[in-house]
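One point on numbering: in numbering that gives the first Met the number 0, the residue at position 15 of the sequence shown is 14, and numbering is uninterrupted.
Yeah, the Cβ is synthetic: ideal placement off N, Cα and C, and Gly gets one too.
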Amino acid sequence: MTTIKIKSGRESTPLHNFWNHIHFHPTDAIEDEWGQKILENIYKDNVAKTVRMYTMLEDIVSMDENGNLVYDYTLNDVRLDYMVEHGWTVLLCYNFIPPCISSDPEELSRVCKNATRYKGKFIVTAPPYDWDLWEEICRNYTEHIVDRYGIETVSKWHLQCFNEPDYQAFFMRKAKSTEERAENYCKLYHRFVNALEAVSPKLSPVGPALAYEFTFFGIFLDYVKKNNLRLDYITFHSYGVHPHKLSVEGLNVNQLYDEVMKRIDFARDRGFVDTPFLLDEWGAATCGYFNNEENPDLIFRETEVFSAYFAKTIINFEEKNVPLDKMLICLAGQHEMKTDFSGFRGFFTLNGFPKPIYNAYVLASKIGNKKLSVEKTVENKNLSVLASENENSISVLGVYAAENFKEALPELDVEFDFSEIKAKKKIKIWKIDKYNANAYSAFLELGSPENLSQENIDYIMEKSKLKCEEFDFSPDFRIRLCENAVILIEIF
0 MTTIKIKSGR
10 ESTPLHNFWN
20 HIHFHPTDAI
30 EDEWGQKILE
40 NIYKDNVAKT
50 VRMYTMLEDI
60 VSMDENGNLV
70 YDYTLNDVRL
80 DYMVEHGWTV
90 LLCYNFIPPC
100 ISSDPEELSR
110 VCKNATRYKG
120 KFIVTAPPYD
130 WDLWEEICRN
140 YTEHIVDRYG
150 IETVSKWHLQ
160 CFNEPDYQAF
170 FMRKAKSTEE
180 RAENYCKLYH
190 RFVNALEAVS
200 PKLSPVGPAL
210 AYEFTFFGIF
220 LDYVKKNNLR
230 LDYITFHSYG
240 VHPHKLSVEG
250 LNVNQLYDEV
260 MKRIDFARDR
270 GFVDTPFLLD
280 EWGAATCGYF
290 NNEENPDLIF
300 RETEVFSAYF
310 AKTIINFEEK
320 NVPLDKMLIC
330 LAGQHEMKTD
340 FSGFRGFFTL
350 NGFPKPIYNA
360 YVLASKIGNK
370 KLSVEKTVEN
380 KNLSVLASEN
390 ENSISVLGVY
400 AAENFKEALP
410 ELDVEFDFSE
420 IKAKKKIKIW
430 KIDKYNANAY
440 SAFLELGSPE
450 NLSQENIDYI
460 MEKSKLKCEE
470 FDFSPDFRIR
480 LCENAVILIE
490 IF
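And the structure:
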């Protein structure tokens, strides 16, 4: 028996929600029915405070027969109107290079599982043939969004220069070296900052949305320092493990922690001690366009393992004081699903069943803004707890999982001691595990049918939903946890 004692609010410290943020992908699904169905759930359940999306400049900008740039903001406005109407803070990534200003419009890439990107599109990776045109496009776009939404709104957004420019599939596929790619990105970023400053000093330029290349990272950071450029946030991407290594290395939240801290320490060593950090893409495994076909172990994205991984990451990062302002889960691969449980990243299956990872995001949104102290009578390395409070309630996030998420664990009885908590009337408990709020478990229970009947769909949908137990407040109570269980206790 392990007893967890939650200390009174007199010992609380500020707690910043860095985890309830997303990168919605593909951007051009925001105007589609299926994309909006996902986003409406995210809005209703308060899952995301910040949403990252692309500007998709390649769809906006063209050139007329006289060599003048022409802008069509129709679809852009549909997407951003939707974001603003739902009150999300936007991380707006300015990309990709419009073919009309590219030095090689035939230098194409796709970065997806299928033959093309969503809606038959490709990425042009060659840099602009005229940097003035790139700056003009960034300035025109920024003027447009400020005119449409107002500087008070847009000044709260993160305006980001390009996506993973160190990765050849996104920028300069034919570059002869990392140094050449980095030098061109520095020009791209410099002109981007010039454009934003020409519109308003209140705007927030961020970058470089680094994928993995540290030589590139160093060249960029040194250039920013040397030229005294604005860089309000350093943004980067980190993932726990590559799918090709998953079967050998397995999952461990320290993989993600190590990748994040490598980037933060590198930037700080370059003199960026006071610049905040923003992890604008994260996942337990890279390659959102990989699924069970590339590695059957990616099935963890459908199971209670991923929800446990997420909860454990929140607590791990909080305990180690990881200096992240935000971390955004990347929901890539959503449009590539052909079956329900195929191992793609995403919150929902093809039939709209919420996955355990989505349910974990719902629970994580209930964490308060003040951290409470916790005492354990018996230390258990597989049990992690984060207690918090806000003005009206106390919430406790717990996760019971092995370090590698593979070791079989016995069921664990946990007693929670709330004797120091006063003037509360009710307790609510939510669970995510192999028995609760788990669509994939329900699918297995039905025998993994290849073709789901409506009766099957209804059954799985019901089993996928979070359910709450509510009872009168008691200063102590017990709960039994199975492996990879996530719980959220709310007292009010």
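Span of the beta strand (DSSP E), counted from its first residue to its last, around residue i
| i | result |
| --- | --- |
| Q159 | 157 to 160 |
| W429 | 425 to 431 |
| H243 | Where H243 is concerned, there is no enclosing beta strand (DSSP E), although the alpha helix (DSSP H) it sits in stretches over 242 to 248. |
| G282 | 276 to 284 |
| I478 | 475 to 480 |
| F415 | 411 to 416 |
| V272 | Element bounds for V272: n/a, residue is neither H nor E. |
Local Cβ density within 10 Å of residue i, reported as buried at 16 or more and exposed below that
| i | result |
| --- | --- |
| K464 | exposed |
| K430 | buried |
| S501 | A query on residue 501 cannot be resolved here, the shown segment of the chain reaching from 0 to 491 and no further. |
| Q415 | A small fix is needed here, since residue 415 is Phe in this sequence, not Gln. Classification for F415: buried. |
| N65 | exposed |
| A307 | buried |
| K365 | buried |
| G287 | buried |
| N403 | exposed |
| C185 | buried |
| V69 | exposed |
| P474 | exposed |
| A407 | exposed |
| A168 | exposed |
| E317 | buried |
| A284 | buried |
Three-state secondary structure assigned by DSSP to residue i
| i | result |
| --- | --- |
| P204 | strand |
| K466 | coil |
| S394 | strand |
| Y81 | helix |
| G239 | strand |
| D471 | strand |
| V436 | Per the sequence shown, residue 436 should be read as Ala rather than Val. Residue state, collapsed to three classes: coil. |
| V485 | strand |
| V192 | helix |
| T214 | helix |
| I420 | coil |
| Y93 | strand |
| L445 | coil |
| L209 | strand |
| Y232 | strand |
| L308 | Just to set this straight, residue 308 is Tyr in the shown sequence, not Leu. The answer is helix: DSSP assigns Y308 an H, G or I state. |
| Y399 | strand |
Chain B within 7 angstroms of residue i, Cβ atoms only
| i | result |
| --- | --- |
| K261 | Although the question refers to chain B, the structure presented lacks it and comprises just one protein chain. |
Alpha helix (DSSP H) segment containing residue i, residue limits
| i | result |
| --- | --- |
| I328 | I328 -> not in any alpha helix (DSSP H); beta strand (DSSP E) instead, spanning 323 to 329. |
| L255 | 252 to 268 |
| I298 | Element bounds for I298: n/a, residue is neither H nor E. |
So within the segment 331 to 388, which uninterrupted alpha helix (DSSP H) runs reach at least 4 residues, ignoring any that extend past its ends? Counting whole runs of 4 or more residues, the segment 331 to 388 contains the alpha helix (DSSP H) stretches 355 to 363.
Any contact between the segment 67 to 85 and the segment 112 to 130? By contact I mean 3 or more CB pairs, one from each, below 8 angstroms. Verdict: no, contact absent.
Report the residue ranges of all beta strand (DSSP E) runs contained in full by the segment 2 to 79; include only those spanning at least 3 residues, in chain order. Those beta strand (DSSP E) runs which fall completely within the segment 2 to 79 and span 3+ residues are 20 to 22, 49 to 53, 60 to 62, 68 to 70.
Give the list of continuous alpha helix (DSSP H) stretches no shorter than 4 residues that lie fully inside the segment 101 to 184. Complete alpha helix (DSSP H) runs here, min 4: 130 to 148, 150 to 153.
Would the segment 115 to 132 count as touching the segment 39 to 54 if we require 3 or more Cβ pairs under 8 angstroms? When C-beta atoms of the segment 115 to 132 are compared with those of the segment 39 to 54, fewer than three pairs fall below 8 angstroms, so the two segments do not count as touching.
Give a yes or no on contact between the segment 2 to 15 and the segment 383 to 400, applying the rule of three or more CB pairs nearer than 8 angstroms. Yes: the two stretches touch, three or more of their Cβ pairs being nearer than 8 angstroms.
Tell me whether the segment 353 to 362 and the segment 374 to 384 touch, counting them as touching only if at least three CB pairs, one residue from each stretch, are closer than 8 angstroms. A contact between stretches requires three or more CB pairs, one per stretch, nearer than 8 angstroms, and the segment 353 to 362 fails this requirement with the segment 374 to 384.
So, do the segment 266 to 274 and the segment 80 to 92 have three or more beta carbon pairs nearer to each other than 8 angstroms? They do not touch, by the three-pair rule.
I want to know whether the segment 204 to 211 touches the segment 157 to 166 - three or more CB-CB distances under 8 angstroms. Per the Cβ contact rule, the segment 204 to 211 is in contact with the segment 157 to 166 (3 or more Cβ pairs under 8 angstroms).
Using a Cβ distance threshold of 8 angstroms, determine whether the segment 436 to 446 contacts the segment 325 to 333, with at least three qualifying pairs required. When Cβ pairs closer than 8 angstroms are counted between the two stretches, the segment 436 to 446 is seen not to touch the segment 325 to 333, the count staying below three.
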